[in-house]
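Chemist: In the working numbering, the protein residues as written are 1 to 285.
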Amino acid sequence: MEILNTAAALHAYTENARRAGQRIGLVPTMGALHEGHLQLVRAAAQECEVVVTSIFVNPTQFNNPDDFRLYPRLPEEDAALLAPAGCTALFLPSVEEMYPQPTVVRFDFGALERVMEGEHRPGHFNGVATVVSKLFHLSRPHRAYFGQKDFQQVAIVRQLVLGLSFDLELVAFPTIREPDGLAMSSRNRRLSAEARALAPQLYQGLLLAKRLIEEGQLTPAEVQQTAAEFLRAEPAITLEYLAVVDAHTLQPLTDWQPNAPVAICLAAQLGGVRLIDNVVVAVNE
Ligand code: AMP
1 MEILNTAAAL HAYTENARRA GQRIGLVPTM GALHEGHLQL VRAAAQECEV VVTSIFVNPT
61 QFNNPDDFRL YPRLPEEDAA LLAPAGCTAL FLPSVEEMYP QPTVVRFDFG ALERVMEGEH
121 RPGHFNGVAT VVSKLFHLSR PHRAYFGQKD FQQVAIVRQL VLGLSFDLEL VAFPTIREPD
181 GLAMSSRNRR LSAEARALAP QLYQGLLLAK RLIEEGQLTP AEVQQTAAEF LRAEPAITLE
241 YLAVVDAHTL QPLTDWQPNA PVAICLAAQL GGVRLIDNVV VAVNE
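#1: Name the DSSP bridge partner or partners of N278?
#2: Between the region 228 to 239 and the region 195 to 205, do at least 3 Cβ pairs fall closer than 8 angstroms?
#3: According to the neighbour-count rule (16 or more other Cβ atoms, all chains shown, within 10 Å of its Cβ), is R114 buried or exposed?
#4: Which residues are close to the ligand AMP, meaning CB closer than 6 angstroms to any heavy atom, in chain order?
#5: Evaluate S94 with the Cβ neighbour count: other Cβ atoms within 10 Å of its Cβ, from every protein chain shown; 16 or more gives buried, anything less gives exposed.
#6: Among E215, P84, L198, L90, whose alpha-carbon lies nearest the alpha-carbon of G25?
#7: With distances taken Cα to Cα, identify the nearest neighbour of A32 among E77, A9, N64.
#8: Measure the alpha-carbon distance for L212 versus L218 and round it to whole angstroms.
#9: Do C87 and M1 have their C-beta atoms within less than 9 angstroms of each other?
#10: Could you spell out the range, first to last residue, of the beta strand (DSSP E) harbouring S139?
#11: Excluding the 5 residues flanking A199 on each side, which residues of the same chain have their C-beta closer than 8 angstroms to its C-beta?
#12: Counting only runs that start and end within the region 199 to 273, where is the beta strand (DSSP E) found for 3 or more residues in a row?
#13: Is F91 helix, strand or coil when you go by DSSP?
#14: How do the region 44 to 62 and the region 134 to 154 stand: do at least 3 beta-carbon pairs fall below 8 angstroms, yes or no?
#15: Using DSSP's beta-bridge definition, name the partner residues of E96.
#16: Can you give me the Cβ contacts of S54 inside the same chain, cut-off strictly under 6 angstroms, excluding the 5 residues immediately before and after it?
#17: Nearest to L138 by alpha carbon, out of M98, A85, V161?
#18: Out of R121, A236, P220, Q224, state which residue places its alpha-carbon closest to the alpha-carbon of A193.
#19: For V279, which residues from the same chain have a beta carbon less than 6 angstroms from its beta carbon, with the 5 sequence-adjacent residues on both sides left out?
#20: Report the three-state DSSP secondary structure of V41 (helix, strand or coil).
#21: Identify the continuous beta strand (DSSP E) that holds Y145 and give its terminal residues.
#22: Quick one: measure Cβ to Cβ for V131 and F56, integer angstroms, because I've assumed they're closer than 8 angstroms.
#23: Are Q61 and H120 closer than 9 angstroms when you measure CB to CB?
#24: Going by DSSP, what residues sit across from F173 in a beta bridge?
#25: Any idea if L10 is buried or exposed, counting beta-carbon neighbours within 10 angstroms, 16 or more meaning buried?
#26: With a 10 Å radius around its C-beta and 16 neighbouring C-beta atoms as the bar for buried, classify I3 as buried or exposed.
#27: Run through DSSP, which three-state label would G118 get?
#28: Have a look at F166 and S133 and give me their C-alpha separation to the nearest angstrom.
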C-alpha cells in the first residue's frame with residue numbers, strides 16, 4: 001500500500017491508474033478506523049483495481065474546536081488495517097496541503113441542509129462539501145463510498161455530485177453496529193465506561209420509533225415525541241434532536257405518505273461526546 005501525503009502525489013497516482021484503464025474507488029474518512037469504514041474499503045476493493053482511502057480530520061467541517069482537537073488520530077493503526085482490507089493507497093495530507101489558502105467558496109444545499117446536522121452544526125456541510133469536492137477533483141474516482149451512518153451527508157454528497165456534474169458513482173452502505181446496537185463511530189473511543197454503557201439506548205430510542213411507525217397508530221409528531229421522551233428520561237443523555245423525516249427530502253413529516261420511506265435521525269451528547277445515528281423504515285399503507 002502506498003502512502004501519499006501530497007495533493008500532487010494523489011493526483012499523479014490516480015491519473016496513472018486511469019491511463020492504465022484501472023477503476024478507481026475512493027473512501028473518504030477521518031480515520032480512527034473501524035468495521036464501518038473497513039466494509040467500504042472491502043467493497044471498493046471488490047469493484048475497483050485501485051482503492052484510495054483518505055484520512056483527513058477536516059477542520060472546516062467542525063464547528064466545535066474541542067471536538068476537532070479531541071478527535072482520535074491513529075494513523076499507524078489505521079494504515080495497518082487498510083492494507084489487508086484491499087486499500088492500495090492511503091492519502092494522508094496535512095491541513096496546509098488540503099487548504100493552501102482559506103477557501104471562500106460557499107455551498108448552499110437549500111432545504112437539505114436547514115435541518116438536523118445542518119441546523120445544529122452551522123457550516124458543517126459547507127466543510128464536508130469543500131473537502132469532498134477537493135478529494136473528487138484530485139483523485140477523479142469512478143466510485144466513491146459512503147456510509148448511511150451519516151444519512152444526511154449521503155444526501156448532501158448526492159446533491160453535490162448532481163449539482164456539479166461529478167462523473168462518478170456514489171455508493172452507500174448500511175450502518176455497522178456493535179453487538180449491543182451502538183453504531184460504530186470513531187468518537188465511541190472517547191466515551192467513558194459509564195457513557196459507553198448507556199450509549200446503546202440511542203439505538204433503542206430509534207427502534208422504539210421504528211416500532212411505533214410500523215404499528216401505525218401515531219402521527220409522525222407523536223412518534224417523535226414518544227421516542228424523544230424515552231431518551232430524555234436518561235439524565236446522562238442530552239438529546240439535541242430526534243427527527244422523523246422523509247428519507248429522500250429529509251424534511252419533517254406532518255403525515256405518513258404511502259410507500260415513502262421514513263428516516264428517524266438523532267444527535268445526542270453523552271459525557272461531552274456527540275453521537276449521531278439513524279434508522280430507515282419502509283412505510284406501507
Ligand atoms: P468518518 O471517518 O466518520 O468521516 O466516516 C467515513 C465514512 O465511513 C463515512 O462515509 C461514514 O458514513 C462511514 N461510516 C462511519 N461509521 C460507519 C458505520 N458505523 N457504519 C457504516 N459506515 C460508517
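Note that the Cβ used here is the ideal one computed from N, Cα and C, for glycine as well.
Modeler: Result, derived from the coordinates:
#1: Within the sequence shown, residue 278 is the residue found at index 278, counting from 1. N278 is bridged to C265.
#2: The count of Cβ pairs closer than 8 angstroms, one atom from the region 228 to 239 and one from the region 195 to 205, reaches three, so the stretches are in contact.
#3: Counting from one through the sequence shown, the residue named residue 114 turns up at place 114. Its Cβ having fewer than 16 others within 10 Å, R114 is exposed.
#4: Every residue whose Cβ sits closer than 6 angstroms to any heavy atom of the ligand AMP is listed here in chain order: T29, M30, G36, H37, L40, F146, G147, K149, D150, F173, T175, I176, A183, M184, S185, S186.
#5: Mapped onto the sequence shown, residue 94 falls at position 94. By the C-beta density criterion, S94 is exposed, having fewer than 16 other C-beta atoms within 10 angstroms.
#6: Against the sequence shown, residue 25 aligns to sequence position 25. Cα-wise, what sits closest to G25 is L90.
#7: Position 32 of the sequence shown, counted from the first residue, corresponds to residue 32. Taking only the C-alpha atoms, the option nearest A32 is E77.
#8: Walking along the sequence shown from the start, residue 212 turns up at place 212. Walking along the sequence shown from the start, residue 218 turns up at place 218. C-alpha of L212 to C-alpha of L218: approximately 7 angstroms in a straight line.
#9: Counting from one through the sequence shown, the residue named residue 87 turns up at place 87. Counting from one through the sequence shown, the residue named residue 1 turns up at place 1. Yes. Within cutoff.
#10: On the sequence shown, residue 139 is found 139 positions in, with the first residue counted as 1. Taken as a continuous stretch (DSSP letters only), S139 belongs to no beta strand (DSSP E), being part of the alpha helix (DSSP H) at 124 to 139.
#11: Your numbering for residue 199 matches position 199 in the sequence shown. Cβ within range, chain order: L182, N188, L191, L270, L275.
#12: Along the length of the region 199 to 273, whole beta strand (DSSP E) runs at least 3 residues long occupy 237 to 246, 262 to 270, reported in chain order.
#13: For this step, residue 91 is matched to residue 91 along the sequence shown. Strand at F91.
#14: Below 8 angstroms, enough C-beta pairs join the region 44 to 62 and the region 134 to 154 to call them touching: three or more.
#15: The residue labelled residue 96 in the question sits at position 96 within the sequence shown. Beta-bridge partners assigned by DSSP to E96: none are found.
#16: Residue mapping note: residue 54 aligns to position 54 of the sequence shown, counting from 1. Within its own chain, the residues whose Cβ lies closer than 6 angstroms to the Cβ of S54, once the five positions on either side in sequence are excluded, are P28, F91, L135, listed in chain order.
#17: In the sequence shown, the residue the question calls residue 138 occupies position 138. By alpha-carbon distance to L138, the top candidate from M98, A85, V161 is M98.
#18: In the sequence shown, the residue the question calls residue 193 occupies position 193. Taking only the C-alpha atoms, the option nearest A193 is A236.
#19: Against the sequence shown, residue 279 aligns to sequence position 279. For V279, same chain residues with a beta-carbon under 6 angstroms away, outside a window of 5 residues either side, are L206, K210, I264 in chain order.
#20: Looking up residue 41 in the sequence shown gives position 41. DSSP, read as helix, strand or coil, puts V41 in helix.
#21: By one-based count along the sequence shown, residue 145 stands at place 145. From DSSP, the beta strand (DSSP E) with Y145 extends over 143 to 147.
#22: Along the sequence shown, read from residue 1 onward, the residue named residue 131 stands at position 131. Along the sequence shown, read from residue 1 onward, the residue named residue 56 stands at position 56. Sure, about 7 angstroms apart at Cβ, within 8 angstroms.
#23: Along the sequence shown, read from residue 1 onward, the residue named residue 61 stands at position 61. Along the sequence shown, read from residue 1 onward, the residue named residue 120 stands at position 120. The beta carbons of Q61 and H120 sit no closer together than 9 angstroms.
#24: Position 173 of the sequence shown, counted from the first residue, corresponds to residue 173. Residue pairing by DSSP puts F173 in a beta bridge opposite G147.
#25: Translated into the one-based positions of the sequence shown, residue 10 becomes position 10. Buried: at least 16 other Cβ atoms inside 10 Å.
#26: Numbered from 1 along the sequence shown, position 3 holds the residue referred to as residue 3. Around the beta carbon of I3, fewer than 16 other beta carbons lie within 10 angstroms, which makes this residue exposed.
#27: The residue labelled residue 118 in the question sits at position 118 within the sequence shown. Helix.
#28: Walking along the sequence shown from the start, residue 166 turns up at place 166. Walking along the sequence shown from the start, residue 133 turns up at place 133. One Cα belongs to F166, the other to S133, and the distance between them is close to 9 angstroms.
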